[in-house]
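Scroll down for the structure; my scribbles are underneath it.
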Amino acid sequence: MSSDPPLAAEQATSTDVLLEIADYSGGFTSQTGVFTHVLNGVAFSVARSTITALVGETGSGKTVTALSILGLLPRTFRRISGSILFEGRDLLKLDDEELRAVRGSQICMVFQDARTALNPVFTIGTQISDVSRLHQRVSKKQARNTAVEVLDRVRIPDPRRCMRQYPHELSGGMAQRAQLAMALVCRPRLLILDEPTTGLDVTIQADILELIVDLNRNEGMTTLFITHDLGIVAETCDAVVVMQYGEVRETGTCEQIITSPRNAYTQMLIAASRFQGVSE
Amino acid sequence: MIETRRPILGVSGLHKTFRIRHSGIAKSLTAVQRVEFELYPGETVALVGESGSGKSTVARCIARLIDATSGEVVLGDLPLTHIRGRALSKVYEDLQMVFQDTHGALNPRMTVQATLEEPLRLRLHLSRNEREERVRRLLESVDLGPELLDRYPRQLSGGQRQRVCIARAFAVDPKVVLLDEPTASLDVSVRGQVLQLLRRIQKERNVAYLLITHDLALVRRVSERVLVMYLGSVVEQGTTAEIFNHPTHPYTRALLSSAPVVEYGRVKSRLRLTGEISSAVDLPRGCPLAPRCPLVQASCLDSFPPLLQVTPTHSVRCPVVLAGAGAGKDAIAPVREHSATDSTHGRGRR
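In order, the protein sequence lines correspond to chains Y and V.
Numbering (our numbering) for the first sequence: 353 to 632.
Numbering (our numbering) for the second sequence: 26 to 375.
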């Protein structure tokens, strides 16, 4: 199954491709020394200025793949083969320091639960200005101004007030916006969103999705969107990568995948998301 | 048609307020107010709303996991509101719950066998052999094999755990089962199977389900009627077709138009609410949606809007949208309901 060449990569010319993962395999070694294969020949690419969805159920390997891009996997992970090319550079060959320069400035990630992802003991303002202080060598004042701007960009109603607040004072939706703001400070070239709206109410989710689509349309933000919700995929993404058991099952444009999925697993996922066959 | 049948569960004038301390000052949080509905044998009614809408509190009040501040809950002919002790435990032969968090719902130190045997031992007083036979059949009825009998919850997958929870709920012969987000923690592929299972059992046993969920696609598939809740009160209720084809209350419309649909190229026309859900602490007297509503008028802030009937099965708590829809106000009869003031059968403790 994994021998099929990745479709999205075929269609895109090499200059269009921002991120290309090829034949990526690996797994975790347990304390007792048992090796569990979790990724098997994962291959797909993310074209510039698109929103690419990475879809799969629990244990499909979508988050492990995303964490690999940022080199955030624990040491128990062992790579067997593959490469992750970001603008032609293999991220897997970078040392810690080189990776740190990429992380947070060129590639940023937003996690599912914003209130856990943010540091509870610092204000939002401090946490966001720290990012630009770290990556852009600006003064404290400049950093705070940038922070206010970026909070405004993610449509937080009163950005100056938000600067003084701690994560626990924010609602789930606002905290997610703040986390997104932190990711946008350095104007990254790739934004990775890992289930950014899971656990939020649908009305709030719709606002956040709109914001993500606007960032893409207006600023050309390339986004890798990890989700299990095919409804979100249908409404926000341009390309789709479907994963199951650590393998890529199908890749294609959003239209292809939603309207005429070829892989049996993709077909089942779509039917299940529509609850087809549930009523008599 | 359903009017001729007798409801198996009746809820009227249900209120629940929690006393809380906010920055050291005693305040009251209105979790549920004026909730009123009936549940008939064999049907599924969905209670829909976002977090903080009070839908779980309604279920917990019905199951007496918490005590309602005021209001009546009647199961068959039996009023549940003041029942206690042994009589209350007897109620659970007819009323069961299935929860979202299957980890929390199962005792980690009890095997599947022990979990399923417990209700049989406590409620039905069967002999050991009879119990073992029943447990095996129960497990079969939720499509699980006998090899799982000696497993502990942590050795089961999420879907398997939820099946065990369902089996436990049906160990006795309940007439009403409260399903609190039964599929929210499951993967989509497993979700369908669990729903299928719940449907099958419902047909076999003519059990009524109160389905509490925020998943609108699920509601559309499995329920006959829908109650939409916002900040503790029902803002719209009707048949599933009425709610999905003619959503009328601004909140229902916002909710339905926000939910993502697995369809390519759908043009979304969202009804947008401003801001986020208000605090349920010291609710203002007007419409709870007023601060966020795009159709808000001065009258909305004055008094709590009544539930107005559109059809015999469809009612909406928004005079503004109904007046605007061209329906003459005279044509719309207010639905009789207990208000906070005339409902005097409170718990009266402390």
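We treat Cβ as the ideally placed atom computed from N, Cα and C, and that holds for glycine.
Neighbourhood of residue i by C-beta, 7 Å cutoff - its chain only, sequence neighbours within 5 removed
{"i": "residue 44 (chain V)", "result": "51 and 53"}
{"i": "residue 472 (chain Y)", "result": "518, 519 and 520"}
{"i": "residue 89 (chain V)", "result": "105 and 113"}
Cβ-heavy atom distance, residue i to the ligand HEM, below 7 Å
{"i": "residue 188 (chain V)", "result": "Here there are no bound small molecules, and the ligand HEM is not part of this structure."}
Chain Y contact for residue i (CB, 8 Å cutoff)
{"i": "residue 239 (chain V)", "result": "yes"}
{"i": "residue 352 (chain V)", "result": "Because the pLDDT of residue 352 (chain V) is 44, which lies under 50, any placement of that residue in the model is unreliable, and the question is left without a value."}
{"i": "residue 255 (chain V)", "result": "no"}
{"i": "residue 280 (chain V)", "result": "yes"}
{"i": "residue 71 (chain V)", "result": "no"}
{"i": "residue 81 (chain V)", "result": "no"}
{"i": "residue 337 (chain V)", "result": "no"}
{"i": "residue 381 (chain V)", "result": "Because residue 381 (chain V) is not part of the residues shown, which for chain V are 26 to 375, the question remains open."}
{"i": "residue 315 (chain V)", "result": "no"}
Alpha-carbon to alpha-carbon, residue j and residue i
{"i": "residue 75 (chain V)", "j": "residue 432 (chain Y)", "result": "44 Å"}
{"i": "residue 124 (chain V)", "j": "residue 581 (chain Y)", "result": "22 Å"}
{"i": "residue 353 (chain Y)", "j": "residue 461 (chain Y)", "result": "Note that residue 353 (chain Y) scores a pLDDT of 43, beneath 50, so its modelled location is shaky and nothing firm can be said."}
{"i": "residue 221 (chain V)", "j": "residue 347 (chain V)", "result": "37 Å"}
{"i": "residue 40 (chain V)", "j": "residue 392 (chain Y)", "result": "55 Å"}
{"i": "residue 589 (chain Y)", "j": "residue 405 (chain Y)", "result": "6 Å"}
{"i": "residue 385 (chain Y)", "j": "residue 426 (chain Y)", "result": "15 Å"}
{"i": "residue 208 (chain V)", "j": "residue 81 (chain V)", "result": "15 Å"}
{"i": "residue 595 (chain Y)", "j": "residue 96 (chain V)", "result": "50 Å"}
{"i": "residue 508 (chain Y)", "j": "residue 481 (chain Y)", "result": "16 Å"}
{"i": "residue 286 (chain V)", "j": "residue 131 (chain V)", "result": "33 Å"}
{"i": "residue 234 (chain V)", "j": "residue 68 (chain V)", "result": "6 Å"}
{"i": "residue 158 (chain V)", "j": "residue 57 (chain V)", "result": "42 Å"}
{"i": "residue 341 (chain V)", "j": "residue 255 (chain V)", "result": "12 Å"}
{"i": "residue 152 (chain V)", "j": "residue 160 (chain V)", "result": "12 Å"}
{"i": "residue 126 (chain V)", "j": "residue 622 (chain Y)", "result": "25 Å"}
{"i": "residue 565 (chain Y)", "j": "residue 602 (chain Y)", "result": "23 Å"}
{"i": "residue 475 (chain Y)", "j": "residue 284 (chain V)", "result": "32 Å"}
{"i": "residue 487 (chain Y)", "j": "residue 262 (chain V)", "result": "54 Å"}
{"i": "residue 38 (chain V)", "j": "residue 202 (chain V)", "result": "21 Å"}
{"i": "residue 407 (chain Y)", "j": "residue 420 (chain Y)", "result": "16 Å"}
Close beta carbons around residue i, own chain, < 6 Å, minus the five adjacent residues each side
{"i": "residue 344 (chain V)", "result": "330"}
{"i": "residue 525 (chain Y)", "result": "552 and 556"}
{"i": "residue 656 (chain Y)", "result": "Given a span of 353 to 632 for chain Y in the structure shown, any question on residue 656 (chain Y) remains unanswerable."}
{"i": "residue 463 (chain Y)", "result": "469 and 546"}
{"i": "residue 352 (chain V)", "result": "Residue confidence for residue 352 (chain V) is low, a pLDDT of 44 falling below 50, so the modelled location carries little weight; the figure read from the coordinates is stated next. Excluding residues within five positions, none has a Cβ falling inside 6 Å."}
{"i": "residue 428 (chain Y)", "result": "380 and 381"}
{"i": "residue 35 (chain V)", "result": "63 and 99"}
{"i": "residue 587 (chain Y)", "result": "none"}
For residue i, the residue or residues it bridges with in DSSP
{"i": "residue 604 (chain Y)", "result": "Y:592"}
{"i": "residue 258 (chain V)", "result": "V:255"}
{"i": "residue 104 (chain V)", "result": "V:99"}
{"i": "residue 51 (chain V)", "result": "V:46"}
{"i": "residue 205 (chain V)", "result": "V:237"}
{"i": "residue 455 (chain Y)", "result": "Y:459"}
Per-residue contacts from residue i into chain A (C-beta, under 8 Å)
{"i": "residue 212 (chain V)", "result": "Going by chain labels, chain A is absent from the structure shown, which instead holds the protein chains Y and V."}
Test: residue i CB closer than 8 Å to a CB of chain V
{"i": "residue 611 (chain Y)", "result": "yes"}
{"i": "residue 626 (chain Y)", "result": "yes"}
{"i": "residue 503 (chain Y)", "result": "no"}
{"i": "residue 606 (chain Y)", "result": "yes"}
{"i": "residue 470 (chain Y)", "result": "no"}
{"i": "residue 391 (chain Y)", "result": "no"}
{"i": "residue 523 (chain Y)", "result": "yes"}
{"i": "residue 557 (chain Y)", "result": "yes"}
{"i": "residue 584 (chain Y)", "result": "yes"}
Assigned secondary structure, residue i (DSSP; H/G/I helix, E/B strand, else coil)
{"i": "residue 38 (chain V)", "result": "strand"}
{"i": "residue 339 (chain V)", "result": "strand"}
{"i": "residue 125 (chain V)", "result": "coil"}
{"i": "residue 189 (chain V)", "result": "helix"}
{"i": "residue 353 (chain V)", "result": "Note that residue 353 (chain V) scores a pLDDT of 42, beneath 50, so its modelled location is shaky; the value from the coordinates is reported in the next line. Coil at residue 353 (chain V), not helix or strand."}
{"i": "residue 573 (chain Y)", "result": "coil"}
{"i": "residue 325 (chain V)", "result": "helix"}
{"i": "residue 463 (chain Y)", "result": "coil"}
{"i": "residue 240 (chain V)", "result": "coil"}
{"i": "residue 508 (chain Y)", "result": "coil"}
{"i": "residue 389 (chain Y)", "result": "strand"}
{"i": "residue 263 (chain V)", "result": "strand"}
{"i": "residue 473 (chain Y)", "result": "coil"}
{"i": "residue 437 (chain Y)", "result": "strand"}
{"i": "residue 423 (chain Y)", "result": "coil"}
{"i": "residue 380 (chain Y)", "result": "strand"}
{"i": "residue 291 (chain V)", "result": "coil"}
{"i": "residue 403 (chain Y)", "result": "strand"}
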